[in-house]
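Here's the structure, in structure tokens; my notes come after.
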Amino acid sequence: MSKGQRVGIFGGLFDPPHIGHLIIAQAVLDEFRLHQIIFVPAGNPPHKRAHSSYAARYHMTKLAIRDNRYFAISDIEKHMPGKTYTVDVVAALRASLQARLYLIIGSDQWEEIGTWKRPQELFKLCRVIVAPRPGHTLDTHRLSHPMLHVSKTPLLDVSSTMIRKKIKNHHSIMYYVRADVLKYIKRKKLYG
Ligand code: ATP
1199 MSKGQRVGIF
1209 GGLFDPPHIG
1219 HLIIAQAVLD
1229 EFRLHQIIFV
1239 PAGNPPHKRA
1249 HSSYAARYHM
1259 TKLAIRDNRY
1269 FAISDIEKHM
1279 PGKTYTVDVV
1289 AALRASLQAR
1299 LYLIIGSDQW
1309 EEIGTWKRPQ
1319 ELFKLCRVIV
1329 APRPGHTLDT
1339 HRLSHPMLHV
1349 SKTPLLDVSS
1359 TMIRKKIKNH
1369 HSIMYYVRAD
1379 VLKYIKRKKL
1389 YG
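First residue of the sequence shown? That's 1199 in our numbering, and the numbers climb one at a time after it.
In structure tokens:
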């Protein structure tokens, strides 16, 4: 990774990774002319509970991105002890990558950013790109920070919660996730 490169960091539980994640990542890559997006499956996030193991979420994310040469995956959170806070993850990635970092989050996460650990420090480490999400309007008067960008990504009404619910109700999740991810979920009987 060379010094002038612009790299997106896309963290999440990816439980499971869905087309919303993939479409947002590709749209942000294009809009902000990023060189790469690194997907970072969450280890032990403070605000959310995982419904499948780290290994399963990592594997599904790897399957989901595998045909896109601009997408990569990091297991950095696997090795972090205790709760994994975004600011610590971004700081660690910044120390290891010689690149300009762009943290990508949905507007649901933006609404919560005030509850994150050291949010102000985050803006010193990276730019933040917010992807609008249905039902989570953007509070525009909080959006004038020079390190903050709102992306023009389409509104996509899809979430991992919705997919887990469909599986529980024996509804198809075909097209909501990549085919390989669907196969893996079935084989491992996840979310049943
Ligand atoms: P869950 O329903 O379990 O809460 P999720 O669909 O929000 O999961 P995560 O893996 O928690 O998925 O999300 C990772 C990141 O992607 C978060 O910043 C989230 O806001 C964003 N994101 C997920 N789905 C969308 C979407 N449809 N539109 C915009 N951003 C999204």
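Just so you know, even glycine gets a beta-carbon here, dropped at the ideal spot from N, CA and C. Since we're looking at a predicted model, the values are computed, not measured.
Regarding G1210 and the ligand ATP, is the C-beta to nearest heavy atom distance less than 7 Å?
-> Counting from one through the sequence shown, the residue named residue 1210 turns up at place 12. For G1210, the shortest separation between its Cβ and any heavy atom of the ligand ATP lies below 7 Å.
Excluding sequence positions up to five away, which residues of its chain have a Cβ less than 7 Å from the Cβ of G1241?
-> Sequence index remark: in the sequence shown, residue 1241 carries index 43 (1-based). The answer, listed in chain order, is Y1252, E1275, K1276, M1278 and T1282.
Rounded straight-line distance, which links the Cα of G1206 to that of I1303 | Position 105 of the sequence shown, counted from the start, is the residue given in the question as residue 1303. Position 8 of the sequence shown, counted from the start, is the residue given in the question as residue 1206. When the Cα atoms are used, I1303 and G1206 turn out to be separated by approximately 10 Å.
Tell me, to the nearest whole angstrom, how far the beta carbon of V1328 is from that of L1320; I am working on the premise that it is less than 8 Å.
-> Reading the sequence shown from its first residue, position 130 is the one you call residue 1328. Reading the sequence shown from its first residue, position 122 is the one you call residue 1320. With 8 Å as the limit, V1328 and L1320 do not qualify as a contact, their Cβ atoms being about 13 Å apart.
Buried or exposed: which applies to L1232, given that a residue is buried once 16 or more other Cβ atoms fall within 10 Å of its Cβ?
-> Position 34 of the sequence shown, counted from the start, is the residue given in the question as residue 1232. Classification of L1232: buried, given that the 10 Å Cβ count is 16 or more.
On a CA-only basis, which of L1354, A1270 and G1202 is nearest P1330? Give me that one, please.
-> Residue mapping note: residue 1330 aligns to position 132 of the sequence shown, counting from 1. Considering only alpha carbons, the answer is L1354.
Cα-Cα separation, V1285 to L1301 = As a position in the sequence shown, residue 1285 is number 87, starting the count at 1. As a position in the sequence shown, residue 1301 is number 103, starting the count at 1. Cα-Cα distance, rounded: 10 Å.
With respect to the beta strand (DSSP E) encompassing A1262, which residues constitute its N-terminal and C-terminal limits?
-> Counting from 1 along the sequence shown, the entry for residue 1262 is found at position 64. Not the beta strand (DSSP E): A1262 falls in the alpha helix (DSSP H), residues Y1252 to I1263.
Contacting residues, own chain, Cβ-Cβ under 6 Å from S1272 (five flanking each side not counted) = Walking along the sequence shown from the start, residue 1272 turns up at place 74. Closer than 6 Å at Cβ, skipping near neighbours: I1236 and V1238.
List the residues that DSSP assigns as beta-bridge partners of H1334.
-> Position 136 of the sequence shown, counting from 1, holds the residue named residue 1334. Answer is R1331.
Closer than 7 Å: S1349 CB and nearest the ligand ATP heavy atom = For this step, residue 1349 is matched to residue 151 along the sequence shown. Between the ligand ATP and the CB of S1349, the shortest heavy atom gap is not smaller than 7 Å.
In terms of residue numbering, what span does the alpha helix (DSSP H) encompassing P1317 cover?
-> Here the question's residue 1317 lines up with position 119 in the sequence shown. Per DSSP, P1317 belongs to the alpha helix (DSSP H) from P1317 to L1323.
Can you tell me the Cα-Cα spacing of W1314 and S1349, whole angstroms?
-> Translated into the one-based positions of the sequence shown, residue 1314 becomes position 116. Translated into the one-based positions of the sequence shown, residue 1349 becomes position 151. A direct Cα-to-Cα measurement between W1314 and S1349 gives close to 21 Å.
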